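**Student:** This note's numbering numbers the first residue of the sequence shown as 115 and each following residue consecutively.
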Amino acid sequence: MNVLVINAGSSSLKYQLMNPETGDVSAKGLCERIYIDGRLTHKVGDNKVVKDIPMPSHSEAIQAVLEILVDPEYGVIKSTDEIDAVGHRVLHGGMEFSESCIIDDEVIKAIEKCIPLGPLHNPANLMGIRACQAVMPKTPQVAVFDTAFHMTMPPKAYRYAIPTEYFENDDIRRYGFHGTSHKYIARRAAELYGSKEFKLVNCHLGNGSSLSAVKDGKCQDTSMGLSPLAGVPMGTRSGDIDACVVQFICNKYGMTVDECLNMLNKKSGVLALSETSSDFRDLEAGEAKGDENCVLALQKFFYEVAKYIGAYAAALNGIDMLTFTAGVGENGPDTRAAICEYLGFMGVKIDPEKNNVRGKEALISTPDSKVQVWVIPTNEELMIAQDTAELVSAAK
Ligand code: ADP
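1. Any contact between the segment 385 to 399 and the segment 330 to 350? By contact I mean 3 or more CB pairs, one from each, below 8 Å.
2. Does DSSP put V485 in a helix, in a strand, or in coil?
3. Considering only C-alpha positions, which residue in the set G353, C333, I299 is nearest to G322?
4. Beta carbon of N493: closer than 7 Å to some heavy atom of ligand 2?
5. Can you name the start and end residues of the alpha helix (DSSP H) that A402 belongs to?
6. For L183 and Q177, what's the separation of their Cα atoms in angstroms?
7. Indicate, with yes or no, if ligand 1 has a heavy atom lying under 7 Å from the CB of R579.
8. Can you tell me whether DSSP reads M132 as helix, strand or coil?
9. Can you have a look at R395 and say buried or exposed, based on whether 16 or more other CB atoms are within 10 angstroms of its CB?
10. Span of the beta strand (DSSP E) holding D284?
11. Check each candidate in A271, I217, V204 and name the one with the smallest Cα separation from G232.
12. Grab me the residues of A248's own chain with a C-beta within less than 7 Å of its C-beta, minus the 5 sequence neighbours each way, in chain order.
13. Could you tell me the boundaries of the alpha helix (DSSP H) in which S295 lies?
14. Alpha carbon to alpha carbon, what distance is there between T437 and I516?
15. Check whether the segment 326 to 333 and the segment 309 to 316 touch, using three or more Cβ-Cβ pairs below 8 Å as the test.
16. Taking V419 as part of the alpha helix (DSSP H), name the residues at either end of that continuous run.
17. Out of K162, Q413, E373, R302, point me to the one whose CA is closest to A452's CA.
18. Any chance the segment 479 to 489 sits against the segment 194 to 202, with 3 or more Cβ pairs inside 8 Å?
19. Just list the residues that DSSP pairs N121 with in beta bridges.
20. Quick one: residues in its chain with C-beta nearer than 6 Å to the C-beta of A411, no 5 flanking neighbours on either side, listed in chain order?
21. When DSSP builds the beta bridges, which residues end up paired with I216?
22. Give the DSSP-derived three-state secondary structure of R244 in the structure shown.
23. Grab the span of the alpha helix (DSSP H) containing H172 for me, first residue to last.
Right, dumping it as structure tokens:
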């Protein structure tokens, strides 16, 4: 089976053509500068081709992707009929979606209904869906939501302690994100643990970071909220913050709430504290040179991640496994070691040699650690492709 996985942003569109059974990726790439001019970067194995192609809308971008996939020189399939299904990443499923689903008119309406909750991403995701429907009307399309995995949270985790009317009238609650990644890791962790019944904290630490508390495969809590701004400090996001900070800054500097939120989303986090970079490699380089701001940024990050793990260990009444994934989680032995240093009180012990691993699945805890600690590379595209294949096969 060939599944085309699409992740449409406001001016970009990432794609992968993959086999959901084996995880083999036959081609992948990126359309950039949609609405501006348009550039396609297409990769097959180690071969890469970059083409300037006019992309006045997402529709031309999808068209360019389909054309290059069947191109005699750069393509990997003979005809677009060989694409069995398309899986779309959709950011916000609101209260409407607790799992992935085959796209029909009702689903499109429900995704539209979630636009106020995901104003930046849902319209772009919808453009990607509509563009695919237009150019390949007979191919089944599936929506996979970033929020869906977290819909098993109980009300005590997802409700904000604010007047009920905002929940009842406006669906204001904690949703959480990176759900496709958390789901992928929870499934793989269950295979590694050898049982579905176990308690896990997963740390998805990348440019955006979130943690989830998972019991028996079901999410019980997660660190992001109504939007991806909440939780631990990230590359450029502040993470959790007292709402009065917004009031103070808006009043004193004559900023609008939107301007202030833009600052909290794009100019904060470890970028702000380090005054250097949002990239953890740069922070580690700064730390090595004794840059105090880089040291503070890293320490703040380790501290806040460790606090969330401690909180989730309490919420789950102890954990069996702790997993690290995404760019920093997979490639940052020093980050993992610094976080785990806080967790000795709960019997977490990592082996420095085993922890010296990058981008590979590995058990990094010692045999006598009370909690198994694993590095598990995430694969959101594969999760999207698998959900898509499952739904499409079941519908046949
Ligand atoms: P995104 O949230 O954009 O998907 P990623 O999961 O790709 O982000 O993570 C990006 C982060 O991973 C960057 O901060 C980068 O510094 C970090 N990273 C990638 N490789 C390494 C590495 N070898 N060592 C430390 N950090 C790394």
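Don't be surprised by glycine CBs; every beta carbon is placed ideally from N, CA and C. Fair warning: this is a prediction, and the values are worked out from it, not measured in the lab.
**Tutor:** Checking against the coordinates, here is how it stands:
1. yes
2. Locating residue 485 in the sequence shown gives position 371, counting from the first residue. Coil at V485, not helix or strand.
3. Reading the sequence shown from its first residue, position 208 is the one you call residue 322. With distances taken between Cα atoms, G322 lies closest to G353.
4. The model on display carries ligand 1 but not ligand 2.
5. Position 288 of the sequence shown holds residue 402. Unbroken alpha helix (DSSP H) run through A402: 394 to 402.
6. In the sequence shown, the residue the question calls residue 183 occupies position 69. In the sequence shown, the residue the question calls residue 177 occupies position 63. Their Cα atoms are separated by approximately 10 Å.
7. Examination of residue 579 is not possible in this model, given that the chain is present from 115 through 510 alone.
8. By 1-based counting over the sequence shown, the position of residue 132 is 18. It is a strand residue.
9. What you label residue 395 is simply residue 281 of the sequence shown in a count that begins at 1. R395 is exposed by the Cβ-count criterion.
10. As a position in the sequence shown, residue 284 is number 170, starting the count at 1. Per DSSP, D284 belongs to no beta strand (DSSP E); it is in the alpha helix (DSSP H), 278 to 284.
11. Mapped onto the sequence shown, residue 232 falls at position 118. Of the listed residues, the one whose Cα sits closest to G232 is V204.
12. Start at 1 with the first residue of the sequence shown, and residue 248 comes out as number 134. S173, listed in sequence order.
13. The residue labelled residue 295 in the question sits at position 181 within the sequence shown. 293 to 307 is the span of the alpha helix (DSSP H), which, as asked, contains S295.
14. There is simply no residue 516 to check, as the chain begins at 115 and stops at 510 in what is shown.
15. yes
16. Working through the sequence shown from its first residue, we reach residue 419 at position 305. Residues 406 to 429.
17. Translated into positions along the sequence shown, residue 452 becomes position 338. Checked all of K162, Q413, E373, R302; the closest Cα to A452 is Q413.
18. no
19. The sequence position of residue 121 within the sequence shown is 7, counting from 1. In the DSSP output, where bridge partners are listed per residue, N121 has K128.
20. Working through the sequence shown from its first residue, we reach residue 411 at position 297. Counting only Cβ-Cβ distances below 6 Å, and skipping sequence neighbours, we find V384, L387, S388, L397.
21. Mapped onto the sequence shown, residue 216 falls at position 102. Partner(s): V256.
22. Numbered from its first residue, the sequence shown carries residue 244 at position 130. R244 falls in the helix class under three-state DSSP.
23. Residue numbering aside, residue 172 sits at position 58 when the sequence shown is read from its first letter. Note, H172: alpha helix (DSSP H), 172 to 184.
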